[in-house]
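>
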Amino acid sequence: MHSRPYTRSVAAGVVAAAALALLPATTATAAPAPVAAAADTCRGVSTVGLYCGYSTSNAFAQRGSKGANVKEIQALINETTIWPKQTGKRLAVDGDFGPSTESAVFWFQWYYGSEALSDGMVGPKTWEMLRHGKR
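Residues in the sequence shown are numbered from 9 upward in steps of one, following this note's numbering.
(1) Give me the DSSP bridge partner(s) of Lys-74.
(2) Pull up the distance between the alpha-carbon of Cys-60 and that of Ile-81, whole angstroms please.
(3) Just verifying my parser: in three-state terms, what is the DSSP assignment at Arg-146?
(4) Is the distance from the Cβ of Lys-79 to the Cβ of Ser-63 below 8 Å?
(5) If I measure Cβ to Cβ from Leu-30 and keep anything under 8 Å in the same chain, skipping five residues before and after, which residues do I get?
(6) Hey, how far is the Cα of Arg-139 from the Cα of Gly-52?
(7) Who are the Cβ neighbours of Ala-169 in its own chain at under 6 Å, not counting the five residues just before and after it?
(8) From Gly-72, Gly-128 and Ile-85, pick the residue whose C-alpha is nearest to that of Thr-49; which is it?
(9) Alpha carbon to alpha carbon, what distance is there between Glu-87 and Val-43?
(10) For Ala-69, which three-state DSSP category applies?
(11) Three-state secondary structure (DSSP) at Tyr-62?
(12) Could you tell me whether the Cβ atoms of Ser-108 and Gln-117 are closer together than 8 Å?
(13) Based on DSSP bridge pairs, tell me the residues matched to Val-56.
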């Protein structure tokens with residue numbers, strides 16, 4: 009009768025070992041480069057245009073603005089323009105339209121639009137360029 013508990017213990021151990029063997033092995037790997045992630049970060053949405061997952065709103069934004077629509081602006085500039093390559097830095101996607109975001113918006117408007125559009129504020133024309141590219 010002493011063999012039965014032993015058999016159960018061995019069986020439980022075998023089942024546990026088999027379950028562990030089925031788990032994927034985890035190894036430390038480097039995070040993918042931001043450029044590689046860009047394709048997965050901002051996708052086209054038929055009703056909005058490009059969308060990075062923060063906001064579908066095209067609300068007016070300027071220095072001092074805060075919120076999800078500012079995060080969307082920051083992510084769109086990071087992921088769909090050459091801003092990070094030209095400046096060597098990415099915008100913090102923090103939802104705070106501060107001096108760095110304002111500089112990036114000025115640059116975006118000048119580079120992808122025209123000098124006449126460069127006011128550092130994101131209104132309908134800038135949203136159109138961010139979401140759909142230059143038309």
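Even for Gly, the Cβ is constructed at its ideal location relative to N, Cα and C.
Taking the coordinates as given:
(1) Here the question's residue 74 lines up with position 66 in the sequence shown. BP columns for Lys-74 point to Asp-104.
(2) Translated into the one-based positions of the sequence shown, residue 60 becomes position 52. Translated into the one-based positions of the sequence shown, residue 81 becomes position 73. When rounded, the distance between both Cα atoms is 9 Å.
(3) Residue 146 lies beyond the residue range present for the chain, which begins at 9 and ends at 143; the question has no answer from this structure.
(4) On the sequence shown, residue 79 is found 71 positions in, with the first residue counted as 1. On the sequence shown, residue 63 is found 55 positions in, with the first residue counted as 1. The Cβ-Cβ distance between Lys-79 and Ser-63 falls below 8 Å.
(5) Stepping through the sequence shown from its first residue, residue 30 is reached at position 22. Its pLDDT being 47, under 50, Leu-30 is placed unreliably in this model, and the value from its coordinates should be taken loosely. For Leu-30, where only same-chain residues beyond five positions count, there are no Cβ hits under 8 Å.
(6) Position 131 of the sequence shown, counted from the start, is the residue given in the question as residue 139. Position 44 of the sequence shown, counted from the start, is the residue given in the question as residue 52. Approximately 8 Å between the Cα atoms of the pair.
(7) Missing from the structure shown is residue 169; the chain here goes from 9 to 143 and no further.
(8) The residue you call residue 49 lines up with position 41 of the sequence shown. That would be Ile-85, whose Cα lies nearest to the Cα of Thr-49.
(9) Here residue 43 corresponds to residue number 35 of the sequence shown, with the count starting at 1. Here residue 87 corresponds to residue number 79 of the sequence shown, with the count starting at 1. A caution first: Val-43 carries a pLDDT of 35, below 50, which makes its placement in the model too unreliable to give a value.
(10) Position 61 of the sequence shown holds residue 69. Look at Ala-69 here: in three-state DSSP terms it is strand.
(11) Sequence index remark: in the sequence shown, residue 62 carries index 54 (1-based). Of the three classes helix, strand and coil, the one that applies to Tyr-62 here is coil, per DSSP.
(12) Numbered from 1 along the sequence shown, position 100 holds the residue referred to as residue 108. Numbered from 1 along the sequence shown, position 109 holds the residue referred to as residue 117. Contact: no.
(13) Along the sequence shown, one-based indexing puts residue 56 at 48. Bridge partners of Val-56: none, in fact.
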